[in-house]
Amino acid sequence: MSARLPPVVFDASLAAVIFLGSVGLNGKVYQDPPGALILQAALSLPLVWRRRAPLAVFCAVAAVAAVQWLIGVQLLTDVALLVALYTVAARSTWHRTLMAAAVLETGILLASARWAAPDGRFLSSAVFLTAVAVAVAVTGTNTRLRRAHLASLEDRAVRLERERDQRARLAVADERARIAREMHDIVTHNLSVMVALADGAVFAQHRAPDKATTAMHQISGTGRQALTDMQRSLGVLRADGPDALRHPMPGIAQLESLAGQMRAAGLPTRLDLEGDPISIPAAAQLTAYRLAQEALTNVLKHTPPGTRAEVRVRCSSDAVAIDVTDDGRTARAPGPRSGHGIPGMRERAAAYGGTLDAGPLPGGGWQVSATLDLGPAGGDA
Numbered sequence: 011m012s013a014r015l016p017p018v019v020f021d022a023s024l025a026a027v028i029f030l031g032s033v034g035l036n037g038k039v040y041q042d043p044p045g046a047l048i049l050q051a052a053l054s055l056p057l058v059w060r061r062r063a064p065l066a067v068f069c070a071v072a073a074v075a076a077v078q079w080l081i082g083v084q085l086l087t088d089v090a091l092l093v094a095l096y097t098v099a100a101r102s103t104w105h106r107t108l109m110a111a112a113v114l115e116t117g118i119l120l121a122s123a124r125w126a127a128p129d130g131r132f133l134s135s136a137v138f139l140t141a142v143a144v145a146v147a148v149t150g151t152n153t154r155l156r157r158a159h160l161a162s163l164e165d166r167a168v169r170l171e172r173e174r175d176q177r178a179r180l181a182v183a184d185e186r187a188r189i190a191r192e193m194h195d196i197v198t199h200n201l202s203v204m205v206a207l208a209d210g211a212v213f214a215q216h217r218a219p220d221k222a223t224t225a226m227h228q229i230s231g232t233g234r235q236a237l238t239d240m241q242r243s244l245g246v247l248r249a250d251g252p253d254a255l256r257h258p259m260p261g262i263a264q265l266e267s268l269a270g271q272m273r274a275a276g277l278p279t280r281l282d283l284e285g286d287p288i289s290i291p292a293a294a295q296l297t298a299y300r301l302a303q304e305a306l307t308n309v310l311k312h313t314p315p316g317t318r319a320e321v322r323v324r325c326s327s328d329a330v331a332i333d334v335t336d337d338g339r340t341a342r343a344p345g346p347r348s349g350h351g352i353p354g355m356r357e358r359a360a361a362y363g364g365t366l367d368a369g370p371l372p373g374g375g376w377q378v379s380a381t382l383d384l385g386p387a388g389g390d391a
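Listed below in structure tokens is the structure:
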């Protein structure tokens with residue numbers, strides 16, 4: 011019934027059942043003065059508000075029961091005391107429950123002394139009523155503890171769901187940042203190369219048609235590779251697709267091709283590789299490739315013709331060091347505020363617990379130095 015009816019309706023119905031049941035079972039009520047009927051109503055009526063003020067309702071019912079004891083009237087409506095004690099135990103603290111139980115126990119002893127002692131049943135009456143009161147108090151306490159346990163489980167479930175949503179949002183943000191970095195590196199580098207090749211093709215179309223044709227082929231190849239890299243970064247390509255086989259995920263082994271691409275675009279580039287990159291994880295190799303790619307793209311964009319670049323990569327079992335230097339004078343320093351290139355490179359290096367430094371060289375030119383930590387600290391980062 012309590013699951014279907016509102017709490018106040020259920021409590022009002024319970025009070026009415028106790029009142030009408032005691033009146034119907036006690037036929038002498040209708041022959042006595044109306045005082046007994048008033049006492050029964052006073053005992054049952056406060057139960058309507060037992061959920062709102064458990065202790066106050068218990069005190070009110072106990073006060074009416076004390077008046078009943080003083081005038082010497084026995085009523086079955088005294089069961090309201092047990093209902094009130096249960097409510098206190100189920101909805102109040104343990105020390106309030108002990109206080110209510112002590113008051114009820116005092117009433118049990120007084121009632122047994124007045125009405126059961128003359129017949130020699132004081133002990134049995136007191137023990138029986140005390141056992142009933144203890145059972146009611148224990149039941150109410152168990153209900154309160156179970157309710158508190160369920161509330162804690164619900165709260166924990168809500169917190170876990172909130173944490174799961176937060177982790178999902180962070181994962182989405184990280185994925186967006188990763189895709190943004192990949193798109194920046196792919197688009198910026200390949201467009202810079204394509205622009206340089208196109209300028210060279212226009213310049214050579216009349217003087218050296220063969221070189222212009224070669225540059226146009228390189229432009230188309232660069233564009234196809236850029237599309238493939240973009241599709242792979244966005245998760246569109248299937249792993250068994252033919253383009254994926256032709257263009258594997260770039261790594262340290264592809265730095266030579268990157269240097270050749272930069273040379274074709276008009277930037278003489280030398281690659282110096284130390285160590286064996288086979289043992290380097292694929293993700294770390296991709297990071298090293300992107301760092302070198304972004305640094306060379308900045309050189310191509312911000313330095314005058316005739317600038318030379320050098321890429322030095324040192325591989326070991328616990329770290330990868332990348333240094334990209336050039337000997338040109340930049341038209342504007344590709345620093346942290348000139349775009350997203352340098353900050354993006356720093357984010358890539360930080361993903362492996364590494365650092366990245368970028369700045370001008372004392373004798374002219376620019377240097378980008380990064381170190382990727384492949385040890386436990388770098389893996390955890």
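The numbering used here puts the first residue of the sequence shown at 11, with every later residue one more than the last. For every residue, glycine included, the Cβ atom is placed at its ideal position computed from N, Cα and C. As the structure is a prediction and not an experimental result, all values here were calculated from the model.
Under the three-state DSSP convention, the category residue i falls into
i             : result
threonine 198 : helix
leucine 384   : coil
leucine 277   : coil
alanine 100   : helix
glycine 316   : coil
arginine 324  : strand
valine 330    : strand
aspartate 165 : helix
alanine 254   : The pLDDT assigned to alanine 254 is 48, lower than 50, so where the model puts this residue is not dependable, and the model offers no usable value.
aspartate 286 : coil
leucine 119   : helix
histidine 105 : helix
leucine 15    : coil
Alpha-carbon spacing of residue i relative to residue j, whole angstroms
i              : j                : result
serine 135     : cysteine 69      : 23 Å
alanine 121    : arginine 174     : 59 Å
arginine 25    : aspartate 129    : One detail in the question is off: residue 25 reads as alanine in this sequence, not arginine. Cα-Cα distance, rounded: 32 Å.
leucine 86     : arginine 169     : 48 Å
glutamine 303  : arginine 217     : 31 Å
tryptophan 376 : threonine 317    : 11 Å
aspartate 239  : alanine 183      : 21 Å
alanine 331    : arginine 156     : 60 Å
methionine 259 : glutamine 176    : 31 Å
aspartate 165  : phenylalanine 29 : 39 Å
glycine 150    : threonine 140    : 15 Å
glycine 374    : threonine 335    : 10 Å
glutamine 395  : isoleucine 118   : Nothing in the structure corresponds to residue 395, since the chain is present only between 11 and 391.
Spatially closest choice to residue i from the options, by CA coordinates
i              : options                        : result
leucine 384    : Tyr362, Leu371, Trp376, Gln377 : Tyr362
alanine 158    : Ala100, Ala66, His312          : Ala100
valine 113     : Ala127, Gly364, Val144         : Val144
isoleucine 352 : Cys325, Ala305, Trp376, His312 : Ala305
glutamine 235  : Gln264, Ala214, Val212         : Gln264
methionine 204 : Val142, Gly231, Phe213, His194 : Gly231
aspartate 286  : Ser267, Val309, Val19, Gly261  : Gly261
glycine 276    : Ala214, Tyr299, Tyr96, Arg300  : Ala214
Per DSSP, cross-strand counterpart(s) of residue i
i             : result
proline 370   : Trp376
threonine 365 : Thr381
threonine 335 : Glu320, Gln377
Between the stretch 46-65 and the stretch 82-91, do at least 3 Cβ pairs fall closer than 8 Å? Cβ pair count under 8 Å is three or more, so yes.
Cβ pair count under 8 Å reaching 3, the stretch 353-360 against the stretch 287-294: Result no; under three Cβ-Cβ pairs closer than 8 Å.
Given 8 Å, three or more beta-carbon pairs between the stretch 266-282 and the stretch 315-325: They touch, by the three-pair rule.
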